[in-house]
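Data first, discussion second: the structure below is written as structure tokens.
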Amino acid sequence: MKHQVKTPEGNLTAWMEFVLWGFADVPHLQWFLFGMFFVIYMIILLGNGTILVITKVEPSLHTPMYFFLGHFSFVEICYVSVTLPRMLMNLGTQRKIISLVACATQMCCVLVLGASECFLLAVMAYDRYVAICNPLQYPLLMTHKVCLQLVAASWITGIPVQVGLTFQIFSLPFCASRVINHFFCDIPPVLKLACGEKFTNELMVYMTALLFVSAPFLFILISYIKIISTVLKLPSATSRAKAFSTCSSHLAVVLLFFGSAIITYLRPEASHSAEIDKVLSLFYTIVTPMFNPMIYSLRNKDVKRALRKLLGK
Numbered sequence: 000m001k002h003q004v005k006t007p008e009g010n011l012t013a014w015m016e017f018v019l020w021g022f023a024d025v026p027h028l029q030w031f032l033f034g035m036f037f038v039i040y041m042i043i044l045l046g047n048g049t050i051l052v053i054t055k056v057e058p059s060l061h062t063p064m065y066f067f068l069g070h071f072s073f074v075e076i077c078y079v080s081v082t083l084p085r086m087l088m089n090l091g092t093q094r095k096i097i098s099l100v101a102c103a104t105q106m107c108c109v110l111v112l113g114a115s116e117c118f119l120l121a122v123m124a125y126d127r128y129v130a131i132c133n134p135l136q137y138p139l140l141m142t143h144k145v146c147l148q149l150v151a152a153s154w155i156t157g158i159p160v161q162v163g164l165t166f167q168i169f170s171l172p173f174c175a176s177r178v179i180n181h182f183f184c185d186i187p188p189v190l191k192l193a194c195g196e197k198f199t200n201e202l203m204v205y206m207t208a209l210l211f212v213s214a215p216f217l218f219i220l221i222s223y224i225k226i227i228s229t230v231l232k233l234p235s236a237t238s239r240a241k242a243f244s245t246c247s248s249h250l251a252v253v254l255l256f257f258g259s260a261i262i263t264y265l266r267p268e269a270s271h272s273a274e275i276d277k278v279l280s281l282f283y284t285i286v287t288p289m290f291n292p293m294i295y296s297l298r299n300k301d302v303k304r305a306l307r308k309l310l311g312k
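Numbering (numbering that gives the first Met the number 0), first residue to last: 0 to 312.
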């Protein structure tokens, strides 16, 4: 269960397992929450799985924009599958114990997939920028090879940094408490249990958040400023409406995902509250994956046409 280690601060308990507290403070809502999150998980799998399938099998959607959308939906499925099944198991069995290795693995997967999601959203913004601001060069700039390279870079770039950050956090000694007041092993609640000098780790968290969250978000904002500037110069109201419609879905997902992630990881440590962190985490781990297919399918004629065609078959 635990073993004792000597440190300059004295005797500390190095826990080999933690307790994921989750929503244990509302015991009368456990089964309601289980049912709600189970339905949400099924909606996420069905919605994003449908987007993934139709972007693969429908020839009219074999374009860079839908190529990136398909990969984004796949990331969403992986991302939510790292956290929701464990949360459902905890709610259903009331067994909240998670080993140190499992906790570290979950955190690492969340960070790697989160970084991939940030970069994919930035890549999708770049795709829209080239399509609207440089339409004549679009076929030359966004070839299939380039699209594959951009997707591969989105998947791979964050792995070494996020693995290193996870190792650094879990190399810290932990204090007597082993209760993680969260529904998954996220950085802020885990760091609260650590003892000793944490400044270096907190600095690494901020630097990583700036690199993998703020930088892509800033890139997306700059891209959309240029896109909006170009769209407003279009002579036809129909052309402006069409251009805005292709960007509005992506922009809605960006604001939902990045807004909650930036507030969670970049606000001062003193202002962190366990309950607020849980609510914010629900947005970027569950709400965004759930609304992603709805936003894209409800506002996109190509996706709706492909879906009707697939269901007709």
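From the three backbone atoms N, C-alpha and C, an ideal C-beta is built for every residue, glycine too.
Keeping to the same chain, check which residues put their C-beta closer than 8 Å to that of residue i; ignore five residues upstream and five downstream.
| i | result |
| --- | --- |
| N200 | Q167, I168, L171, L190, A193 |
| R308 | Before going on, a small fix: residue 308 reads as Lys here, not Arg. Within the same chain, K308 has close Cβ partners E57. |
| L313 | A question about residue 313 goes unanswered here, because the residues of the chain that appear run from 0 up to 312. |
| I53 | L60, V302, A305, L306, L309 |
| L120 | F71, P215, I219, H249, V252, V253, F256, F257 |
Pick helix, strand or coil for residue i, following the three-state DSSP scheme.
| i | result |
| --- | --- |
| A305 | helix |
| V18 | strand |
| S98 | strand |
| H61 | coil |
| S213 | helix |
| T49 | helix |
| T104 | helix |
| L254 | helix |
Alpha carbons only, please: which of the options is nearest the one belonging to residue i?
| i | options | result |
| --- | --- | --- |
| M41 | I285, I294, L306, Y295 | I285 |
| Q161 | V145, L209, L83, I219 | L209 |
| F216 | A236, C117, S228, K300 | C117 |
| R85 | Y295, F22, M206 | F22 |
| S296 | L32, N133, V252, L140 | V252 |
| L90 | F183, C174, L45, N133 | F183 |
| K197 | V178, R177, F173, D24 | F173 |
| V212 | C246, T92, L112, G195 | L112 |
Who are the Cβ neighbours of residue i in its own chain at under 6 Å, not counting the five residues just before and after it?
| i | result |
| --- | --- |
| T165 | A103, M106, C107 |
| M289 | I39, I42, I43 |
How many Å lie between residue i and residue j at the Cα?
| i | j | result |
| --- | --- | --- |
| F67 | S153 | 11 Å |
| L60 | N180 | 43 Å |
| H70 | S248 | 16 Å |
| F36 | L265 | 27 Å |
| E274 | V74 | 26 Å |
| S272 | N299 | 38 Å |
What does a CB cutoff of less than 7 Å around residue i pick up in its chain, not counting 5 residues either side in sequence?
| i | result |
| --- | --- |
| L250 | Y223 |
Please tell me whether, using a cut-off of 7 Å, the distance from the CB of residue i to the nearest non-hydrogen atom of the ligand ADP is below it.
| i | result |
| --- | --- |
| Y137 | Absence of the ligand ADP from the depicted structure is noted, as is the absence of any ligand whatsoever, leaving it without description. |
Practice task
Starting from the N-terminal side, write out each stretch of the alpha helix (DSSP H) that is 4 residues or longer and does not extend beyond the stretch 158 to 198.
Solution key: Considered as a whole, the stretch 158 to 198 harbours 158 to 169, 186 to 190 as its complete alpha helix (DSSP H) runs of no fewer than 4 residues, in chain order.
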